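Chemist:
Residue numbers (mature numbering (1 follows the signal peptide of the UniProt record, and there is no 0)): -29 to -1, 1 to 1052.
1. Please name the residue in 694, 679 and 755 whose C-alpha comes closest to that of residue 727.
2. Taking buried to mean at least 16 other C-beta atoms within 10 Å of its own C-beta, is residue 737 buried or exposed?
3. Measuring alpha carbon to alpha carbon, tell me which residue in 411, 63 and 766 is nearest residue 153.
4. Is it true that the CB of residue 193 sits closer than 8 Å to the CB of residue 236?
5. How is the beta strand (DSSP E) around residue 1014 delimited, first residue to last?
6. Alpha carbon to alpha carbon, what distance is there between residue 564 and residue 958?
7. On the premise that residue 1012 lies in contact with residue 1035, defined as a C-beta separation below 8 Å, what is that separation, rounded to the nearest angstrom?
8. Taking only the alpha-carbon atoms, compute the straight-line gap between residue 630 and residue 622 and give it to the nearest angstrom.
9. Which whole-angstrom value describes the C-beta separation of residue 694 and residue 660, a residue pair presumed to lie in contact below a C-beta threshold of 8 Å?
10. Check the Cβ-Cβ distances between residue 533 and every residue of chain C, and say whether any is below 8 Å.
11. On the DSSP bridge assignment, give the partners of residue 862 in chain order.
12. Locate the beta strand (DSSP E) running through residue 70, then write down its first and last residues.
13. Please specify which runs of the beta strand (DSSP E), each continuous and at least 3 residues long, are wholly inside the stretch 608 to 687, giving them in chain order.
14. Can you tell me the Cα-Cα spacing of residue 930 and residue 1033, whole angstroms?
15. Between the Cα of residue 394 and the Cα atoms of 457, 275, 309 and 927, which residue gives the shortest distance?
16. Report the three-state DSSP secondary structure of residue 606 (helix, strand or coil).
17. Tell me which same chain residues have a C-beta within less than 7 Å of the C-beta of residue 676, skipping the five on either side of it?
18. At which residues does the alpha helix (DSSP H) containing residue 110 begin and terminate?
19. Measuring alpha carbon to alpha carbon, tell me which residue in 755, 754, 764 and 753 is nearest residue 744.
20. Rounded to whole angstroms, what is the Cα-Cα separation between residue 222 and residue 78?
21. To the nearest angstrom, report how far apart residue 219 and residue 247 are at their CA atoms.
22. State whether the stretch 337 to 356 contacts the stretch 318 to 328, with contact taken as three or more CB pairs (one from each stretch) at a distance under 8 Å.
23. From what residue to what residue does the beta strand (DSSP E) around residue 119 run?
24. Assuming residue 614 and residue 477 form a contact by the criterion Cβ under 8 Å, report the distance between their Cβ atoms to the nearest whole angstrom.
25. Taking residue 183 as the reference, which of 956, 209 and 143 has the closest Cα?
26. Given this structure, state the Cα-to-Cα distance separating residue 639 from residue 593, to the nearest angstrom.
27. Considering only DSSP beta bridges, list what residue 974 is partnered with.
28. Rounded to a whole number of angstroms, what is the C-alpha to C-alpha distance between residue 770 and residue 700?
29. Let's see if you can read the secondary structure: which residues bound the beta strand (DSSP E) around residue 273?
30. Whole angstroms is fine: what's the gap from residue 548's alpha carbon to residue 717's?
31. With a threshold of 16 other CB atoms inside 10 Å of the CB of residue 1037, please say whether the residue is buried or exposed.
32. Assuming the contact rule is C-beta atoms closer than 8 Å, residue 286 and residue 383 should be a hit. Round their C-beta distance to whole Å, please.
33. Report yes if the C-beta distance between residue 606 and residue 634 is below 8 Å; otherwise report no.
34. Figure out for me which residue from 426, 358 and 69 has the closest Cα to the Cα of residue 150.
35. May I ask which residues mark the beginning and end of the alpha helix (DSSP H) holding residue 224?
36. Short of 6 Å in beta carbon distance, which residues of its chain neighbour residue 641, apart from the five on each side in sequence? Order them along the chain.
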């Protein structure tokens, strides 16, 4: 940016030159004639004379009436007095009106040296042009000059200390933010001059400071001056010629009105759509710069509001400390008292110029104090000035740092207009002047109009030079052909994707894996009638003889026949299944799995309460069964063969869509009739995830820790182990199985140490050095196996091999068996013996269990199952108190008249049909049928097994189901007549116990039974009458619809508030919306 000098500028320069020559000669004579000794007071104090050179015009932000009170406040402050109070006194001898004029400032500076009192320090002037020649004289006269202005870069390296911003430091800040933070390299510069006012030179100086920081300088075509009198059309022409063809980032310095005109012109040119970014230099609130918001109350407000989204502002970081606020109040008070000037009357605040001059006095006092303490000359301006440089002190505006060039390192802020409606700027980031670092404000994101920062250079260049237009027909044809090929390829890919997607969706929708429970047949018919209860312990449980293998711990899974093939059935601990997309995809993946060493997935049943997974059945049991059966001898070759089968199965899983097993252990490695090991119990993690709300709490049981002995330490340390685990965790589990196979001891066998599973898990989780692992004795274990195990169960997962490496290792160990070298004769005899023995044991076992089942079934019909189990064990059943249960009573309205119209056999048939219907419904809920007396039906929940607060919900749901069923019930001999059911419910404490030895009965006692009966007798036909106690519990679930009946007089109870149970809310899938809350204590 070039400055043009007019004839008046040359005239002023010549006038200044002549004045300097005359006045300097006179002044030097006067200075030379003075006594060189420093004036002092009678007590030996040095007198420091101060001259203030500031404009008297109150329109200036740094006028005398605004700044001088702060200088006087600093001179008389306790801090300055404590620094120089014992050695010197500072006093202002003269305040000159600099008028921001080169001639006046020079004249008054020379006049001050001709005063009777010798001047030691000058405060001011601020204007760069007024101070330029004066600074050179101060260097010649060896005087101290301090200013909070003179920002021009040409005044560097002189004996002037600038405690305010400078063009050089500000230019470095802007360049650092634009070039380094935002990574832009090409900018344009605009300064707006307001002729005859300070903003003219001030903006010119500041933008020039930035231009000097641009590497290689700024080309002339990328700088522009906008005049105050320019119209919008003229501004648009200047932007079109300067900015649009050369840059996308614009740095500006202008008044608020000029900025608005520039932004409006840019908006009309389409430069505020996100392709350009505008940065304005607006250091502080100032009369010169005026209103910087877009609001003017005219027709252009709406356009200006949109344009200002592309505008950001560099400003000084404003001090907002209580200390500065107290200082501002003192300045206002002193200005009114000493200069009859009121900040509040003109609507101004104490600005940073005022604070900077105050800090200048403190800085001078620090340097003067050090000079006097060292016996130096307080009149030596050069010494005092250099003491003030390259130091940091605490000023009224915070920490003040003066660099080695005598300039202040100020802090700046980058503002963005977030509240566009009100024109309010928000700080987007701060720049630390000392650290030279820009830091964004946390939580504040710059709202770029284009959502992202604009590009430094357009994609096609400023003039389209990067986008080549080719007129050659051949080139055009080639481009078209390439485009067609690309379109065809893309279309083919899309078609293939759509077809595959369609097939996938069809397969997911068909649910070919779904098996109905009724389609499974059982050898034992009762297995189908009762709910699936999971694994059944074999005869070897310690209660009834030997297992098939002759051992004592073999476990059989529940089995059944599906489409003529025997299958293994494993229960999933869930009350219901939500068929999400993830679950359906998991089932598809399981159907796609097929390998010789992985059990085949048959399907799954999702019908409550028989939710289960069906897989291929392997009759030889699990690898754990074989290892624990001492009657089976396994030589080294046999062991390697079993381990190699596991490795091949896991290698396949890890390279399939399943990817991990998550629960690899010897009991999940099953053996088929050919003694081939297959991996089972993998995949379906989203389906297998247990329903924790109904899962028994066994986190501290023996079984809980026992089944985690195969788990890797990194999984054990997690708050909740993931069902899928990791591939490296599977390798660790395989290492445990290897030791288990080699030693044929219990899992995680540690020689000569008796530890519980809980203690073992605790030691493994600790991860101490050396790590705690199972026993590996090289005297009994081959070196290759020891090395294999140590690598597999390494503490660091990354140190463990993967199954591709393990497959190579096991192939080397299993060379003899790789070509099916097992002795066929030995295998055949073993299979024949095992098959015959299994058939014999199974036959006798089935006969035994059939008789046992019949006896137990009769007992369970008389007494609750838990009570019957206690009696079977020979334990006495004592009466037990229950804190809260729910009791159901019902009878048939008009049963007496119906009985009188029917024969006894018809009444018996009616009651039998009715109670058979009721019993079939009751079996679906966690309730106990207590008794039936005539047409009365009594049911209870919450005993003999407590179920928390769920007893109320179970009885309520059962009541709604019975009320629904009675509507469709048909009387054999009176099919046109409908039965009317009357139901009463109540919750409360009871005592329950077995009464009698002959035909014992499980009876309930307590007032709760009577109240429930009263609720039924005071009810109405086809309604469920409930008490307030059960209503409170049902309200906790948030799903039941209850209506207040009011107060009802009950025999022996007085008036009781009762309710009608109307129904229960369902979700969109027809399921109950469970919302359970704990009862407050």
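Glycine included, every Cβ here is placed at the ideal spot set by N, Cα and C. Note that this is a predicted model, so its numbers are computed, not measured.
Modeler: Reading from the atomic positions:
1. As a position in the chain shown, residue 727 is number 756, starting the count at 1. When only C-alpha atoms are compared, the closest one is 679.
2. Position 766 of the chain shown, counting from 1, holds the residue named residue 737. Burial call: exposed.
3. As a first step, residue 153 is located in the chain shown; it is residue number 182 there, counting from the start. Selected option, being the one with the closest Cα: 411.
4. For the purposes of this step, residue 236 is identified with residue 265 of the chain shown, where counting begins at 1. For the purposes of this step, residue 193 is identified with residue 222 of the chain shown, where counting begins at 1. Not closer than 8 Å, so no.
5. Counting from one through the chain shown, the residue named residue 1014 turns up at place 1043. Per DSSP, residue 1014 belongs to the beta strand (DSSP E) from 1011 to 1021.
6. In the chain shown, the residue the question calls residue 958 occupies position 987. In the chain shown, the residue the question calls residue 564 occupies position 593. Answer to the nearest angstrom: the Cα atoms are 52 Å apart.
7. Against the chain shown, residue 1035 aligns to sequence position 1064. Against the chain shown, residue 1012 aligns to sequence position 1041. 7 Å between Cβ atoms; contact.
8. Position 659 of the chain shown, counted from the start, is the residue given in the question as residue 630. Position 651 of the chain shown, counted from the start, is the residue given in the question as residue 622. Residue 630 and residue 622: Cα-Cα distance of roughly 9 Å.
9. Residue numbering aside, residue 694 sits at position 723 when the chain shown is read from its first letter. Residue numbering aside, residue 660 sits at position 689 when the chain shown is read from its first letter. Indeed, because the Cβ distance is near 6 Å, the residues count as touching under 8 Å.
10. Note that chain C does not occur in the displayed structure, where there is just one protein chain.
11. Position 891 of the chain shown holds residue 862. Paired residues: 953.
12. By one-based count along the chain shown, residue 70 stands at place 99. Neither: residue 70 is in no beta strand (DSSP E) and is coded neither H nor E.
13. 640 to 642 and 648 to 650
14. As a position in the chain shown, residue 930 is number 959, starting the count at 1. As a position in the chain shown, residue 1033 is number 1062, starting the count at 1. Cα to Cα, the separation comes out at about 10 Å.
15. Along the chain shown, one-based indexing puts residue 394 at 423. Closest by alpha carbon: 275.
16. Translated into the one-based positions of the chain shown, residue 606 becomes position 635. Of the three classes helix, strand and coil, the one that applies to residue 606 here is coil, per DSSP.
17. One-based indexing of the chain shown puts residue 676 at position 705. Excluding residues within five positions, the ones whose Cβ falls inside 7 Å are 728, 729 and 732.
18. One-based indexing of the chain shown puts residue 110 at position 139. First-last of the alpha helix (DSSP H) with residue 110: 99 to 112.
19. Here residue 744 is taken as the residue at index 773 of the chain shown, counted from 1. Here the closest residue by C-alpha is 764.
20. Translated into positions along the chain shown, residue 222 becomes position 251. Translated into positions along the chain shown, residue 78 becomes position 107. Looking at the two C-alpha atoms, the distance is approximately 37 Å.
21. For this step, residue 219 is matched to residue 248 along the chain shown. For this step, residue 247 is matched to residue 276 along the chain shown. For residue 219 and residue 247, the distance between alpha carbons rounds to 5 Å.
22. Cβ pair count under 8 Å is below three, so no.
23. Against the chain shown, residue 119 aligns to sequence position 148. That residue, residue 119, is in no beta strand (DSSP E); it is neither H nor E in DSSP.
24. Residue mapping note: residue 614 aligns to position 643 of the chain shown, counting from 1. Residue mapping note: residue 477 aligns to position 506 of the chain shown, counting from 1. Not quite, the Cβ-Cβ distance comes to about 41 Å (not below 8 Å), so this is no contact.
25. If you number the chain shown from 1, residue 183 lands on position 212. Of the listed residues, the one whose Cα sits closest to residue 183 is 143.
26. Counting from one through the chain shown, the residue named residue 639 turns up at place 668. Counting from one through the chain shown, the residue named residue 593 turns up at place 622. Roughly 7 Å between the two C-alpha positions.
27. Position 1003 of the chain shown, counted from the start, is the residue given in the question as residue 974. The partner list for residue 974 (beta bridge, DSSP) reads 964.
28. Position 799 of the chain shown holds residue 770. Position 729 of the chain shown holds residue 700. Cα to Cα, residue 770 sits roughly 12 Å from residue 700.
29. As a working mapping, residue 273 is identified with position 302 in the chain shown. Run containing residue 273: none in the beta strand (DSSP E); it sits in the alpha helix (DSSP H), 272 to 278.
30. Position 577 of the chain shown, counted from the first residue, corresponds to residue 548. Position 746 of the chain shown, counted from the first residue, corresponds to residue 717. Distance between the alpha carbons of residue 548 and residue 717: 36 Å.
31. What you label residue 1037 is simply residue 1066 of the chain shown in a count that begins at 1. By the neighbour-count rule (16 or more Cβ atoms within 10 Å), residue 1037 is not buried but exposed.
32. As a first step, residue 286 is located in the chain shown; it is residue number 315 there, counting from the start. As a first step, residue 383 is located in the chain shown; it is residue number 412 there, counting from the start. That belief holds up - the Cβ atoms of residue 286 and residue 383 are roughly 7 Å apart, short of 8 Å.
33. The count along the chain shown starts at 1 and reaches residue 606 at position 635. The count along the chain shown starts at 1 and reaches residue 634 at position 663. No, they are not a contact pair.
34. Position 179 of the chain shown, counted from the start, is the residue given in the question as residue 150. Of the candidates 426, 358 and 69, the one whose C-alpha sits nearest the C-alpha of residue 150 is 426.
35. As a position in the chain shown, residue 224 is number 253, starting the count at 1. Per DSSP, residue 224 belongs to no alpha helix (DSSP H); it is in the beta strand (DSSP E), 220 to 224.
36. Numbered from its first residue, the chain shown carries residue 641 at position 670. Once the five neighbours on either side are set aside, the close Cβ partners of residue 641 are 589, 593, 649 and 651.
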